[in-house]
Each structure stands twice: as structure tokens, then as C-alpha cells.
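Going left to right, the sequence shown walks through residues 10 to 324 as this note's numbering numbers them.
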Amino acid sequence: MLVSSRKDNGGQKEMEGIAIQMDAVRKEYRKNIALDGITVNLHENCIIGLIGANGSGKTTLMKICAGLEEKSSGEVLVCGADITKDISASEEVIYSMHDLPVGKSYRISEILKFYDITYPHFDLVFCKKMLELFGISLKKTCRTLSQGQKSLVHFSCAAAARCRVTLLDEPFIGIDIEKRKMVYEILLRDFMEHPRAIIISSHNLSEIEGILSEMLLLHRGKMVFYQDMDTVREMLFRADGSKEEVMGFVEGKETVCTREKEIGCYAVLKGSVSGKTAQEAKAAGLSVSAVSPEDASVYLTMPEEGKELESLWEN
Numbered sequence: 010m011l012v013s014s015r016k017d018n019g020g021q022k023e024m025e026g027i028a029i030q031m032d033a034v035r036k037e038y039r040k041n042i043a044l045d046g047i048t049v050n051l052h053e054n055c056i057i058g059l060i061g062a063n064g065s066g067k068t069t070l071m072k073i074c075a076g077l078e079e080k081s082s083g084e085v086l087v088c089g090a091d092i093t094k095d096i097s098a099s100e101e102v103i104y105s106m107h108d109l110p111v112g113k114s115y116r117i118s119e120i121l122k123f124y125d126i127t128y129p130h131f132d133l134v135f136c137k138k139m140l141e142l143f144g145i146s147l148k149k150t151c152r153t154l155s156q157g158q159k160s161l162v163h164f165s166c167a168a169a170a171r172c173r174v175t176l177l178d179e180p181f182i183g184i185d186i187e188k189r190k191m192v193y194e195i196l197l198r199d200f201m202e203h204p205r206a207i208i209i210s211s212h213n214l215s216e217i218e219g220i221l222s223e224m225l226l227l228h229r230g231k232m233v234f235y236q237d238m239d240t241v242r243e244m245l246f247r248a249d250g251s252k253e254e255v256m257g258f259v260e261g262k263e264t265v266c267t268r269e270k271e272i273g274c275y276a277v278l279k280g281s282v283s284g285k286t287a288q289e290a291k292a293a294g295l296s297v298s299a300v301s302p303e304d305a306s307v308y309l310t311m312p313e314e315g316k317e318l319e320s321l322w323e324n
């Protein structure tokens with residue numbers, strides 16, 4: 010189910026610049042459509058969560074924005090330029106994932122030299138300090154690193170590059186919870202010291218929600234919404250009660266979904282938990298609760314009426 014995004018192609022704020030402009034961007038792989046007409050303006054100086062299930066188009070969108078993959082149609086401007094044609098603009102964009110294709114024999118020190126040469130704002134001292142904090146020696150080669158250590162190396166290099174647009178594609182794979190918390194703190198603190206657009210794709214929205222300014226939700230190649238986190242937190246609410254009470258209340262309301270439980274029923278409706286509709290639900294005897302951003306992303310992209318799930322138990 011799709012919901013409206015912000016006005017003016019995804020929420021253009023009058024007093025803020027735009028980091029990435031996408032207009033009707035489409036990407037096809039033979040018969041498969043990875044991105045289907047994405048139109049959005051992503052803001053500068055924000056940490057944006059790029060959320061969606063596997064196959065929703067997150068990596069494709071990031072690679073197109075980084076100039077690493079060609080779009081089938083549409084227009085993409087990063088920092089106001091087409092980075093596939095403007096070399097100076099491409100230096101202001103970095104794409105990083107948990108395991109970049111670097112030769113296994115390369116030492117960490119050699120990787121840092123590459124970043125230092127390639128990116129004009131790269132802070133070599135800061136990068137070395139991060140790797141020391143994570144306990145990773147510059148003398149190590151890539152083949153000796155665990156998956157978590159590889160993720161930490163690539164995160165450290167991307168963060169230290171301090172590009173105007175930083176694209177982190179599932180950057181925390183393999184990193185233990187203690188170090189992930191350190192990474193979140195580093196990311197937020199360095200963002201405050203050096204504001205830029207940081208776009209993070211992740212399956213663990215609940216864990217990174219606290220550092221996000223905004224959220225872009227994709228589903229099967231389409232944009233569901235692009236909103237600031239405060240708006241996402243107030244987007245939906247849940248109403249629980251008996252089946253008769255719930256179904257009677259939702260009639261004529263903007264309802265995302267209804268589900269039966271072992272005892273009773275619940276509905277997810279559009280609107281704030283403190284809004285008029287939620288107050289009406291309370292007055293009707295229903296139990297009302299807020300819907301978290303993570304749950305909102307599930308409710309807004311789940312199969313209609315749960316038919317696909319229920320089919321598992323059909324004879």
C-alpha cells in the first residue's frame with residue numbers, strides 16, 4: 010500500500026538544500042523492474058534511513074546515485090550535477106558497503122592511501138583513530154579480517170571521507186552489538202561536527218532509528234514515502250478490540266489493514282495516536298497504541314489482508 014510523500018517531490022524544505030534529485034528514475038534488468046519511476050528530493054545535512062525488504066531497490070538506488078550503475082530512464086542529480094559526467098561532483102559522493110571488491114592481499118594501510126588520494130576531504134588521522142579504537146591493525150591484510158572487521162574498515166573510510174553525500178549500504182553486517190553502538194555514536198557525533206547527507210540502508214530500523222533525521226521507504230521498486238522521523242512516528246496508530254467493535258469502527262475510516270488475533274481483532278489506521286480518529290477509537294471502547302516506524306514500514310508493505318501468509322495453512 011502506498012501513502013503520500015511530502016509535498017514537492019518528497020518534501021523539499023524551503024530553507025534547506027537538496028543533496029540528491031531523482032525524477033522518474035527507472036531501472037530494469039531484462040524483465041525485472043528494480044526501480045519504478047522514483048521521484049524524490051533528498052535533503053542535505055540529514056541522516057536518512059533507506060528502508061525496505063530485500064529486492065525493494067535499495068542497493069540499486071544507491072549505486073545509481075553514486076554513478077556506479079546506469080539508470081534505464083529518468084534524471085539523477087547529485088549535489089546539483091550529473092556525477093557520471095562531472096568528475097568534481099563525483100568526488101563529493103562515496104558509496105560503501107560491508108564488503109567492497111578489494112584484493113585480499115591488500116593491507117589496510119594501502120586501502121587508506123587509496124581513500125586519501127581519491128577523496129579531497131579524507132581525514133587520514135581520524136580514520137586511523139577509528140580503526141585503532143576498533144582494534145584493527147593497519148598491517149593486516151583483507152584476507153585476515155572477519156566480516157565484522159571488513160565492515161568496520163569500510164565504514165571508517167567512508168565516514169572519514171566526509172563527502173557531501175555518503176551512501177552506506179547495509180554497513181553494519183557482522184559487527185557485534187558493542188561496536189555497533191560505538192559506530193552509531195561516531196556517526197552521529199561526526200555528522201554534527203561535519204554536516205552532510207548520510208544515507209543508510211538497513212534491515213534493523215529499530216536500532217538506527219535514534220540517529221535518523223528522515224526515512225525513505227521502498228517497496229518493490231516504488232517509493233512508499235519519504236518523511237521526517239517525527240512524521241513517521243505519528244503516521245499510524247493501532248486499535249484493538251473485539252472483531253465486532255473493530256470492524257464496526259473502521260468502516261469509512263482510512264484503514265491500512267485489519268487482522269484477527271486468537272482473541273479479538275486489531276486494525277491499523279492512518280493518523281496520530283493523539284489525533285481525532287484515535288480519540289474516537291478510544292471513545293468507542295477500543296485500546297489505542299502508537300505504531301513504531303519499524304512496524305509502520307511492515308504494515309504499509311505487507312500483503313493485503315495477510316492472504317499470502319494465511320495460504321500456508323490452507324488445505
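Cβ coordinates follow ideal geometry from the N, Cα and C atoms, glycine included. Just so you know, these numbers come straight off a predicted model, no measurement behind them.
Residue i - DSSP class collapsed to helix/strand/coil
{"i": "Ala-169", "result": "helix"}
{"i": "Val-134", "result": "helix"}
{"i": "Ile-217", "result": "helix"}
{"i": "Val-102", "result": "strand"}
{"i": "Ile-126", "result": "helix"}
{"i": "Phe-246", "result": "strand"}
{"i": "Lys-279", "result": "strand"}
{"i": "Met-24", "result": "For Met-24, the predicted structure reports a pLDDT of 36, less than 50, and the residue's modelled location is therefore unreliable. A value from the coordinates is still provided. In the structure shown, Met-24 sits in coil (DSSP, three-state: anything other than H, G, I, E or B)."}
{"i": "Leu-11", "result": "Reliability of the predicted coordinates at Leu-11 is poor, the pLDDT of 39 falling under 50, and no value is obtained from them."}
{"i": "Phe-234", "result": "strand"}
{"i": "Asp-304", "result": "helix"}
{"i": "Gly-19", "result": "Any reading at Gly-19 needs caution, since the residue's pLDDT is 42, under 50, leaving its predicted position unreliable; the model's value is listed next. Note: Gly-19 maps to helix in three-state DSSP."}
{"i": "Met-311", "result": "coil"}
{"i": "Lys-159", "result": "helix"}
{"i": "Ile-29", "result": "strand"}
{"i": "Lys-285", "result": "helix"}
{"i": "Lys-113", "result": "coil"}
{"i": "Ser-82", "result": "strand"}
Proximity to residue i [Cα-Cα], best of the options
{"i": "Gly-230", "options": "Gln-30, Ala-28, Tyr-38, Lys-270", "result": "Tyr-38"}
{"i": "Ala-98", "options": "Ser-81, Pro-129, Tyr-124", "result": "Pro-129"}
{"i": "Glu-254", "options": "Thr-310, Arg-268, Thr-48, Ala-299", "result": "Arg-268"}
{"i": "Glu-194", "options": "Gly-89, Val-300, Met-139, Lys-285", "result": "Met-139"}
{"i": "Gly-273", "options": "Thr-264, Leu-295, Glu-289, Lys-279", "result": "Leu-295"}
{"i": "Ser-222", "options": "Ser-105, Val-241, Met-232, Val-233", "result": "Val-241"}
{"i": "Ile-96", "options": "Asp-125, Ala-75, Lys-285", "result": "Ala-75"}
{"i": "Lys-285", "options": "Ser-301, Pro-302, Met-244, Met-256", "result": "Met-244"}
{"i": "Val-134", "options": "Ala-168, Ser-160, Ser-215, Gln-288", "result": "Ala-168"}
{"i": "Thr-175", "options": "Val-277, Thr-127, Tyr-104", "result": "Tyr-104"}
{"i": "Asp-185", "options": "Cys-136, Ser-146, Ile-29, Ser-160", "result": "Ser-160"}
Expected contact under 8 Å - CB spacing of residue i and residue j to nearest Å
{"i": "Gly-183", "j": "Ser-155", "result": "7 Å"}
{"i": "Val-307", "j": "Val-297", "result": "Contact flag wrong, Cβ pair sits at about 19 Å."}
{"i": "Leu-51", "j": "Gly-66", "result": "Going by Cβ atoms, the distance from Leu-51 to Gly-66 rounds to 15 Å, so no, they are not a contact pair."}
{"i": "Lys-80", "j": "Arg-35", "result": "7 Å"}
{"i": "Glu-55", "j": "Ala-206", "result": "Looking at the sequence shown, residue 55 is not Glu but Cys. The Cβ separation is near 6 Å, so the contact holds."}
{"i": "Glu-53", "j": "Ile-27", "result": "7 Å"}
Endpoints, alpha helix (DSSP H) assigned at residue i
{"i": "Gly-257", "result": "252 to 259"}
{"i": "Ile-186", "result": "186 to 202"}
{"i": "Cys-74", "result": "67 to 74"}
For residue i: DSSP bridge partner residues
{"i": "Ala-90", "result": "Val-87"}
{"i": "Ser-210", "result": "Leu-59, Asp-178"}
{"i": "Cys-151", "result": "For Cys-151, which the question treats as bridged, DSSP gives no partner whatsoever."}
{"i": "His-228", "result": "Lys-231"}
{"i": "Arg-35", "result": "Asp-45, Ser-82"}
{"i": "Glu-329", "result": "This structure does not reach residue 329, given that the chain is present from 10 up to 324, and the question cannot be answered."}
Limits of the unbroken beta strand (DSSP E) element including residue i
{"i": "Asp-45", "result": "41 to 52"}
{"i": "Glu-269", "result": "264 to 269"}
{"i": "Ala-1", "result": "With the chain covering only 10 through 324, there is no way to say anything about residue 1."}
Contact with chain D by residue i, beta-carbon distance below 9 Å
{"i": "Ala-62", "result": "Of the chains in the structure shown, none is chain D; there is only one protein chain."}
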